[in-house]
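Here's the structure, in structure tokens; my notes come after.
Protein chains in written order, with the UniProt record's numbering: chain A, 1 to 242; chain B, 1 to 436.
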């Protein structure tokens, strides 16, 4: 599904060369939920940007859904982003002037989809994230958790093969974070491959596979162990049930 | 997608009303000034005769003596006018001049007034396609034998008689009774091609009398009289016999052959005059006459002054200065939205999508600027008429300007918007997604 082989990314200025990724090797299979962790500046976001075709890489090989993306032009990369990839950002990145339905509709418009089909998909996506009755609300009228759910709806509306999530719960309190995480797990169960960058080891543990990036290289893989639920999550569940 | 871009553009304009207003105002000022100068220039450049322009010819003669100034006069002498009239009767031709007379009618409601009158031949009306509401021009016989006939305009008919068919009624010109033979419907060609020397943008006269009455009534000349040598002309008789030029002469030549034929007649006439001791300059007889179409005549009369051309150029320069400012404002506005562009790019907008979206917004701003600019231009034209007494034909907004001004506004604003839109569509999405 996603296959990176010796991928490198170098940021160059007149004086300095920074190696954000070095000989980065990773394979993600279809339907996997992979959590990517690592210290700040380790290259997590660079990896996600390259995986999401938002940035070109300097060297190596990268196949996405069987397509060698190394030599694609900007339009081809844009089309793949639009049709195969859904993005979820830490800051939600909703367009403030558009209401929820319009925000969810944006990628579908760029795909050239007809109005009727767009409406059906928007309705389904907003229903799926529990915001079916709030089509006309502006993002500013929602809580952070609700905004993130709209962002997820926007990513889902295009029925992507991948969801790339960059710290999706970073700006949310623990209750909201849990709801968003459950939503992502639900989406994954329905077959969508998810790669999630996070700082939070508790959230990372809920993924099927953990990848740790240090100094631009993959240094550890850990498979998901369902029994290793954190005390924090147990405490949170107890608090919610009260 | 275009409608969606229109919607987004309108939302964006409403979101930053002050900045949008500033941009619209900057365009409006530039367009207002450009439209004003362009409108005046366009009105000046009109040729009111249309297809007839190539058939109507103003005659110029080089009747000068040796060592005189090197330009053709725009008028000819009375004796040349009379001679040409008799020499080529097979052609439609006319001699004319501008005079002024005291006008009266048998009515208490109309106060006697001094007014400009065109003294001309009957062919004036057919050659210059003057439409008649009632009656017609005086007959050809009147051009030969003279008669106290008058043609008036409908506007003046309203003023003197309160309107209606008043053919046959009497009008007093310089206290002499003239019979009304025709009433001209609305006719006021601008520029006044048939007499641009006496004000190219003056209104056409509203009273017309036969040229054949000139030697009898010795009408006062209300136009230019000039000459190439000093002559002591104490009275009308002296002026008629002199080398002074004060008569305008037109001929209708409908084909190349008739044009050549008339040119030969002129050359023969000049030969004859040279033999009689006139036309003493070194020019050949063939070079001593000119036949000018209306377009050539308006150019010779310098209806469009060089100053006007410079003014139009300067106004476009001013517009370009406005556009440089707008470019800065657009850039500021668009760069503020790079994070939104980053999101759009990430979720599937191509560079062309972003470029189109922002160019539509620029186009809307240009359109608004163009419309406000038109209103501004209308105001400026009105002020020019009110405060500076500019001729009404020049300050009326040309129909084409209602399309030209918004078109110029949109096109120039789009040009100014290319760089900002290009800049913003090359936003690297990854840079802005984290920073939102």
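All C-beta atoms, glycine included, are put in the ideal place defined by N, C-alpha and C.
Interface partners of residue 107 of chain A on chain B, CB under 7 Å
Residues of chain B passing the Cβ test: 347 and 348.
Please compile the residues from chain B whose C-beta is within a distance smaller than 7 Å of the C-beta of residue 97 of chain A.
Those are 11 and 15, listed as they occur along chain B.
Between B:295, B:430 and B:280, which lies nearest to residue 50 of chain B when the distance is taken from Cα to Cα?
Nearest C-alpha to residue 50 of chain B: B:295.
Kindly say whether residue 72 of chain A, judged by its beta-carbon, lies nearer than 8 Å to any beta-carbon of chain B.
Chain B, which has no Cβ nearer than 8 Å to the Cβ of residue 72 of chain A, makes this no.
Taking three-plus beta-carbon pairs below 8 Å as touching, is the stretch 2-13 of chain B in contact with the stretch 344-362 of chain B?
They touch, by the three-pair rule.
Using a threshold of 8 Å, state whether the C-beta atoms of residue 43 of chain B and residue 394 of chain B are closer than that.
Result yes, Cβ atoms of residue 43 of chain B and residue 394 of chain B sit closer than 8 Å.
Beta-ladder partner(s) of residue 76 of chain B, from DSSP
Residue pairing of residue 76 of chain B in beta bridges, as defined by DSSP: B:247.
Could you compute how far the alpha carbon of residue 324 of chain B sits from the alpha carbon of residue 432 of chain B?
Cα to Cα, the separation comes out at about 28 Å.
Got a sec: which bits of the stretch 44-60 of chain A sit with their beta carbon under 8 Å from any beta carbon on chain B, in order along the chain?
Taking 8 Å as the upper bound on Cβ-Cβ separation, chain B lies near residues 45, 49, 52, 54 and 55 of the stretch 44-60 of chain A.
Can we say the stretch 140-156 of chain B touches the stretch 174-190 of chain B, given the rule of at least three CB pairs closer than 8 Å?
They touch, by the three-pair rule.
Taking the alpha carbon of residue 277 of chain B as the reference point, which residue from B:65, B:348 and B:58 has its own alpha carbon closest?
Proximity to residue 277 of chain B across B:65, B:348 and B:58 peaks at B:65, based on C-alpha coordinates.
Compare the C-beta of residue 430 of chain B with all C-beta atoms of chain A and state if any pair is closer than 8 Å.
Yes, residue 430 of chain B counts as interfacial toward chain A.
Distance between residue 161 of chain B and residue 109 of chain B (C-alpha atoms, nearest Å):
Cα to Cα, residue 109 of chain B sits roughly 9 Å from residue 161 of chain B.
Given that a residue counts as buried once 16 or more other Cβ atoms are within 10 Å of its Cβ, and exposed if not, what is residue 321 of chain B?
Residue 321 of chain B is exposed by the Cβ-count criterion.
Quick one: grab the DSSP three-state call for residue 420 of chain B.
The answer is helix: DSSP assigns residue 420 of chain B an H, G or I state.
Roughly how many angstroms lie between the CA atoms of residue 195 of chain A and residue 162 of chain A, to the nearest whole one?
Our two residues, residue 195 of chain A and residue 162 of chain A, have alpha carbons roughly 8 Å apart in a direct line.
Determine the direct distance from the alpha carbon of residue 209 of chain B to that of residue 130 of chain B, and round the result to whole angstroms.
The alpha-carbon atoms of residue 130 of chain B and residue 209 of chain B are separated by roughly 14 Å.
For residue 342 of chain B and residue 110 of chain A, which I take to be in contact (beta-carbon distance under 8 Å), what is that distance rounded to the nearest angstrom?
Rounded, the Cβ-Cβ distance is 14 Å, inconsistent with contact.
Using DSSP with H/G/I as helix, E/B as strand and the rest coil, what is residue 56 of chain B?
Note: residue 56 of chain B maps to strand in three-state DSSP.
Beta-carbon separation (whole angstroms), residue 191 of chain A vs residue 172 of chain A, contact threshold 8 Å
Rounded to the nearest angstrom, the Cβ distance from residue 191 of chain A to residue 172 of chain A is 25 Å, too far for a contact under 8 Å.
Give a yes or no on whether the C-beta atoms belonging to residue 37 of chain B and residue 237 of chain B are separated by under 8 Å.
No; because the gap between Cβ atoms is not below 8 Å, this pair is not in contact.
Secondary structure of residue 21 of chain A, DSSP reduced to three states:
Assignment of residue 21 of chain A by DSSP, reduced to helix, strand and coil, places it in the strand class.
Taking the alpha carbon of residue 312 of chain B as the reference point, which residue from B:406, B:9 and B:35 has its own alpha carbon closest?
For the residues B:406, B:9 and B:35, the minimum Cα distance to residue 312 of chain B belongs to B:35.
Selection from A:15, A:100 and A:215 that minimises the alpha carbon distance to residue 155 of chain A:
Selected option, being the one with the closest Cα: A:100.
If I measure Cβ to Cβ from residue 138 of chain A and keep anything under 6 Å in the same chain, skipping five residues before and after, which residues do I get?
The beta carbon of residue 138 of chain A sits closer than 6 Å to the beta carbons of 99 from its chain, once the five residues preceding and following it are set aside; these are given in chain order.
First and last residue of the alpha helix (DSSP H) that includes residue 217 of chain B?
Taken as a continuous stretch (DSSP letters only), the alpha helix (DSSP H) holding residue 217 of chain B covers 214-217.
Please look up how many angstroms separate the CB atoms of residue 213 of chain A and residue 60 of chain A, rounded, as I've assumed it's under 8 Å.
Not a contact, Cβ separation roughly 15 Å.
List, in order along the chain, the chain B residues whose C-beta lies closer than 8 Å to that of residue 111 of chain A?
Simply 348.
Segment limits, beta strand (DSSP E) that includes residue 5 of chain A
Counting along the chain, the beta strand (DSSP E) containing residue 5 of chain A begins and ends at 2-12.
Taking CB distances under 8 Å as the criterion, tell me whether residue 420 of chain B reaches chain A.
No, no contact with chain A.
Taking one C-beta from the stretch 165-176 of chain B and one from the stretch 221-233 of chain B each time, how about it: are there three or more such pairs within less than 8 Å?
The stretch 165-176 of chain B, when compared against the stretch 221-233 of chain B, does not touch it at the 8 Å Cβ threshold.
Does residue 234 of chain A have its Cβ less than 8 Å from a Cβ in chain B?
In this predicted model, residue 234 of chain A has a pLDDT of only 49, less than 50, meaning its place in the structure is not dependable; the value taken from the coordinates is given anyway. Interface annotation, residue 234 of chain A: not in contact with chain B, CB-CB separation never under 8 Å.
Among A:208, A:5, A:153 and A:121, the one whose alpha carbon lies nearest that of residue 24 of chain A
Of the candidates A:208, A:5, A:153 and A:121, the one whose C-alpha sits nearest the C-alpha of residue 24 of chain A is A:5.
The beta strand (DSSP E) spanning residue 201 of chain A covers which residue range?
From DSSP, residue 201 of chain A is part of no beta strand (DSSP E) but of the alpha helix (DSSP H) over 201-205.
Return yes when the Cβ of residue 57 of chain B is within less than 8 Å of the Cβ of residue 291 of chain B, no when it is not.
Yes. Within cutoff.
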